[in-house]
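Structure first, commentary second.
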Amino acid sequence: MTFIIAIDGPAAAGKGTLSRRIAGDYGFHHLDTGLTYRATAKALLDAGLPLDDEALAARMAANLDLSGLDRDVLSRHEIGEAASKVAVMSPVRRALVEAQRAFSRRDPGTVLDGRDIGTVVCPDAPVKLYVTAAPEVRARRRFDEIVGRGGEADFDAIFRDVQIRDARDAGRADSPLRPADDAHLLDTSEMGIEAAFQAARSIIDRVLDR
Ligand code: DC
């Protein structure tokens, strides 16, 4: 049976880096489910279509090809903003969750990261991690990332953005961001990626009985 690792948490908590590292280490397939919401939003933007038409957005979501998700293109700020708007639409979520579940069954195992993996997409996953960090720490990481790439950034604006995004993700009616009851909490506020990875690995290995 496929081994599924569900990783949830707010934006910029480090779950993407951690998920890729875990998938690489265990030889599992990885899906950043945020990219599926981003790609749906981008498809609408590219076609010059409105972001507030649920039926249209759901059709875009249902036609999405998971093999063509380009993280570099999709990580753009305005696409993230648009994604958080389509992510509140139940018909969009239904279509994307179906595609995410199909992905989760790939052998020998999968790592899915997002907001509702442990609660909605894969509630039976044997390992669930909820990765979080203080909002200022997450804003600082995003700031450093942009500046590190040679870009310009305004810390206060990023910090405000993180808080708005958190409120929208946690406050929506359908599949709000929250830890599953059986999730292991990993607060990375004072933890580097290596320490977070080691903590995750000991949880996973206990379940795999290694
Ligand atoms: O993690 P991210 O910034 O790429 O996510 C983009 C948006 O999609 C964000 O507003 C949260 C939403 N999302 C979601 O609702 N459910 C998921 N499983 C993943 C992301």
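As numbered in our numbering, residues 4 to 213 make up the sequence shown, in order.
Heads up, the beta-carbon is just placed ideally off N, CA and C, and yes, glycines get one too.
Consider the C-beta atom of G174 and the heavy atoms of the ligand DC; say whether any pair is separated by less than 7 Å.
Within the sequence shown, residue 174 is the residue found at index 171, counting from 1. No, the Cβ of G174 stays beyond 7 Å of every heavy atom of the ligand DC.
Helix, strand or coil at F31 according to DSSP, with G and I counted as helix
Locating residue 31 in the sequence shown gives position 28, counting from the first residue. Reduced to three states, the DSSP call for F31 is coil.
Taking D184 as part of the alpha helix (DSSP H), name the residues at either end of that continuous run.
Taking the sequence shown and counting its residues from 1, one reaches residue 184 at position 181. Looking at the DSSP string, D184 is not in any alpha helix (DSSP H), and its letter there is neither H nor E.
Would you say D56 reaches chain D, if we count a Cβ-Cβ gap shorter than 8 Å as a contact?
No chain D is part of this structure, which consists of one protein chain only.
Can you pull the DSSP bridge partners for F6?
Your numbering for residue 6 matches position 3 in the sequence shown. F6 pairs with G112.
On the criterion of 16 or more Cβ atoms from any shown chain inside 10 Å, does H187 qualify as buried, or is it exposed?
The sequence position of residue 187 within the sequence shown is 184, counting from 1. The residue is buried, with at least 16 neighbouring Cβ atoms inside 10 Å.
Less than 7 Å separating the Cβ of S87 from some heavy atom of the ligand DC?
On the sequence shown, residue 87 is found 84 positions in, with the first residue counted as 1. Within the cutoff, so yes.
So for L132, helix, strand or coil by DSSP?
For the purposes of this step, residue 132 is taken as the residue at position 129 of the sequence shown. Strand, per DSSP.
State the Cα-Cα distance for the pair V165 and R41, rounded to the nearest angstrom.
Numbered from 1 along the sequence shown, position 162 holds the residue referred to as residue 165. Numbered from 1 along the sequence shown, position 38 holds the residue referred to as residue 41. Cα to Cα, V165 sits roughly 17 Å from R41.
Under 8 Å between C-beta atoms of L189 and A173
Along the sequence shown, read from residue 1 onward, the residue named residue 189 stands at position 186. Along the sequence shown, read from residue 1 onward, the residue named residue 173 stands at position 170. Not a contact, by the Cβ cut-off of 8 Å.
Distance between D11 and V123 (C-alpha atoms, nearest Å)
Numbered from 1 along the sequence shown, position 120 holds the residue referred to as residue 123. Numbered from 1 along the sequence shown, position 8 holds the residue referred to as residue 11. Between V123 and D11, the C-alpha separation is close to 11 Å.
Euclidean distance between Cα positions of R24 and T5
Position 21 of the sequence shown, counting from 1, holds the residue named residue 24. Position 2 of the sequence shown, counting from 1, holds the residue named residue 5. Roughly 19 Å between the two C-alpha positions.
Taking the Cβ atom as the reference point for each residue, do F158 and P138 lie within a distance shorter than 8 Å?
The count along the sequence shown starts at 1 and reaches residue 158 at position 155. The count along the sequence shown starts at 1 and reaches residue 138 at position 135. Against a cut-off of 8 Å, the Cβ pair of P138 and F158 comes out as no contact.
In the DSSP assignment, the alpha helix (DSSP H) including V95 goes from what residue to what residue?
Within the sequence shown, residue 95 is the residue found at index 92, counting from 1. Its alpha helix (DSSP H) spans residues 93-107.
Whole angstroms are fine: how far does the CA of F31 sit from the CA of L211?
Counting from 1 along the sequence shown, the entry for residue 211 is found at position 208. Counting from 1 along the sequence shown, the entry for residue 31 is found at position 28. Distance between the alpha carbons of L211 and F31 is about 13 Å.
For M63 and D147, the rounded distance between their alpha carbons
As a first step, residue 147 must be located in the sequence shown, where it is residue number 144. As a first step, residue 63 must be located in the sequence shown, where it is residue number 60. If I take the Cα positions, the gap works out to 33 Å.
Put D75 into one of helix, strand or coil per three-state DSSP.
Here residue 75 refers to the residue found at position 72 of the sequence shown. Helix at D75.
For the alpha helix (DSSP H) containing D56, name the first residue and the last one.
By one-based count along the sequence shown, residue 56 stands at place 53. Segment: none, D56 is in no alpha helix (DSSP H) and carries neither H nor E.
Quick check on D35: buried or exposed, where buried means 16 or more other Cβ atoms within 10 Å of its Cβ?
Counting from one through the sequence shown, the residue named residue 35 turns up at place 32. Buried, because 16 or more other Cβ atoms sit within 10 Å of the Cβ of D35.
Is any non-hydrogen atom of the ligand DC found closer than 7 Å to the C-beta of L38, if you look at the structure I gave you?
Position 35 of the sequence shown, counted from the first residue, corresponds to residue 38. The answer is yes for L38.
As a quick exercise: from T191, A60, L21, pick the residue whose alpha carbon is nearest that of A98.
The count along the sequence shown starts at 1 and reaches residue 98 at position 95. Taking only the C-alpha atoms, the option nearest A98 is A60.
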